[in-house]
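**Student:** Protein chains in written order, with our numbering: chain A, 1 to 188; chain B, 189 to 376.
Right, I'll just put the structure down here and ask away after.
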DNA sequence: CGTCTATTTGAATGTACTCAAAAGCGGTGG
DNA sequence: CCACCGCTTTTGAGTACATTCAAATAGACG
């Protein structure tokens with residue numbers, strides 16, 4: 001439970017409550033935390049490993065929307081709050097461990113602890129701003145700029161993820177990412 | 189104040205309170221509701237006209253993030269909640285009228301009316317989901333698909349906005365939008 | 001009617017994609 | 001220990017989608 005400290009500042013009582021209610025779960029590589037069509041029932045706090053959230057388009061291609069590593073949250077916020085089926089998949093990229101906070105427990109915490117309320121509201125807002133920036137970046141920059149920005153923002157992920165995962169996140173093909181990495185020297 | 193009914197379901201008492209606190213303001217075409225660097229202090233409910241929210245990139249180009257017409261809200265949600273300077277502009281595209289709800293009044297309503305709380309939380313979440321879908325669309329579809337989707341989703345806006353505004357929203361040049369509109373027949 | 005802005009069209013160019021094949025790399029089993 | 005399998009990355013050639021810049025045309029408004 002120590003990992004949560006990195007994210008939430010909790011009193012001993014709050015922490016005890018949280019420990020009682022959250023459930024630890026392990027995921028193998030490729031295992032799903034959420035599949036398209038399901039309603040997202042949990043916020044998952046990643047204590048070990050890495051998850052990717054992605055959408056599969058009509059052509060069957062995967063598009064990574066975000067990654068969640070240690071001390072970050074994974075959830076389909078839209079589906080969670082609206083209680084409508086998700087259009088997204090959340091899948092373990094590595095063997096991982098998460099703390100699952102079920103909706104009913106979230107409501108419990110929301111109503112009992114002000115700090116909890118605020119923490120999660122801020123998280124949604126931050127996510128919102130990130131998304132907005134990413135959209136603008138997608139519109140206004142080249143693949144190369146996006147990749148260099150990715151490396152700058154997530155140096156750890158650059159080593160940790162495959163070419164294909166990163167390419168999907170920045171919206172290009174793995175082949176083209178390979179060329180970018182090799183200095184675009186060998187451009188066709 | 190009648191316009192608000194379209195969006196919020198309010199009791200007579202709530203409506204009265206809202207009327208007392210919200211301030212009506214008119215904007216000329218090209219006038220700014222918010223400029224880059226300012227902290228967003230208001231949620232603006234558009235009762236007449238249309239606003240565009242956009243970001244100016246390093247190259248000086250404008251990128252429309254969203255439009256807000258009658259019965260919709262305009263605000264930089266990120267800046268409003270974080271109280272940090274905005275990176276966005278919100279500008280009247282037409283002569284417009286809005287109801288301004290200042291942050292302090294929002295807090296008043298949040299604490300006094302449950303429905304208000306919920307309404308705005310849902311709005312942020314809906315905005316979030318829309319953004320997510322737009323990002324995916326931007327990555328996975330062609331300019332032509334995006335334009336046709338835009339027309340389908342906002343048939344009114346297609347007539348109401350200039351080529352350049354729509355092009356900026358779907359992330360292409362006005363010239364290319366013109367070609368799309370004319371059936372791509374006269375492709376270079 | 002003239003001026004200003006928005007739209008259309010053309011030609012050349014750039015960015016990124018597709019498809020295909022070759023090379024690299026990590027693990028597993030003989 | 002190395003040979004082979006499966007997967008990822010690299011490289012090449014051809015192509016598609018969209019851009020830039022420039023010029024021509026069309027609309028809107030005083």
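Idealized CB from N, CA, C, for every residue including glycine.
Please go through the segment 72-127 of chain A and give each complete beta strand (DSSP E) segment of 3 or more residues, from N-terminal end onward.
**Tutor:** Within the segment 72-127 of chain A, the complete beta strand (DSSP E) runs of at least 3 residues are 89-92 and 96-102.
**Student:** By how many angstroms is the C-alpha of residue 235/B removed from the C-alpha of residue 200/B?
**Tutor:** Cα-Cα distance, rounded: 19 Å.
**Student:** At a Cβ threshold of 7 Å, is residue 199/B touching chain A?
**Tutor:** Judged by the 7 Å Cβ criterion, residue 199/B is not in contact with chain A.
**Student:** If you measure from the beta carbon of residue 36/A to each beta carbon in chain B, is any gap under 7 Å?
**Tutor:** No, its Cβ sits nowhere closer than 7 Å to a Cβ of chain B.
**Student:** Between residue 359/B and chain A, is the shortest Cβ-Cβ distance under 7 Å, so that the two count as touching?
**Tutor:** Yes, residue 359/B lies at the interface with chain A (some Cβ there is under 7 Å from its Cβ).
**Student:** Where DSSP assigns a beta bridge to residue 23/A, which residues make up the other side?
**Tutor:** For residue 23/A, which the question treats as bridged, DSSP gives the partners 100/A.
**Student:** Quick check on the burial criterion: 16 or more other C-beta atoms within 10 angstroms. Buried or exposed for residue 310/B?
**Tutor:** Exposed: under 16 other Cβ atoms inside 10 Å.
**Student:** Output the distance between the C-alpha atoms of residue 97/A and residue 126/A, rounded to the nearest integer angstrom.
**Tutor:** Cα to Cα, residue 97/A sits roughly 24 Å from residue 126/A.
**Student:** Return the chain-ordered list of same chain residues with a C-beta closer than 7 Å to the C-beta of residue 181/A, the five sequence neighbours on each side being excluded.
**Tutor:** Excluding residues within five positions, none has a Cβ falling inside 7 Å.
**Student:** Going by C-alpha to C-alpha distance, which of 250/B, 231/B, 251/B and 331/B sits closest to residue 266/B?
**Tutor:** Ranking 250/B, 231/B, 251/B and 331/B by Cα distance to residue 266/B puts 231/B first.
**Student:** Note down, in chain order, every chain B residue with its Cβ under 8 Å from the Cβ of residue 127/A.
**Tutor:** Correct list: 316.
**Student:** Can you list, in chain order, the residues of its chain whose CB lies under 6 Å from that of residue 210/B, leaving out five sequence neighbours each side?
**Tutor:** Around residue 210/B: 287 and 289.
**Student:** If you drop the 5 nearest sequence neighbours on each side, which residues of the same chain put their C-beta closer than 6 Å to that of residue 113/A?
**Tutor:** Excluding positions up to five away in sequence, the list reads 14.
**Student:** How do the segment 133-146 of chain A and the segment 235-251 of chain B stand: do at least 3 beta-carbon pairs fall below 8 Å, yes or no?
**Tutor:** Touching, per the Cβ criterion.
**Student:** In chain order, what residues of the same chain have a beta carbon less than 7 Å from the beta carbon of residue 172/A, not counting five sequence neighbours either side?
**Tutor:** For residue 172/A, where only same-chain residues beyond five positions count, the Cβ hits under 7 Å are 143.
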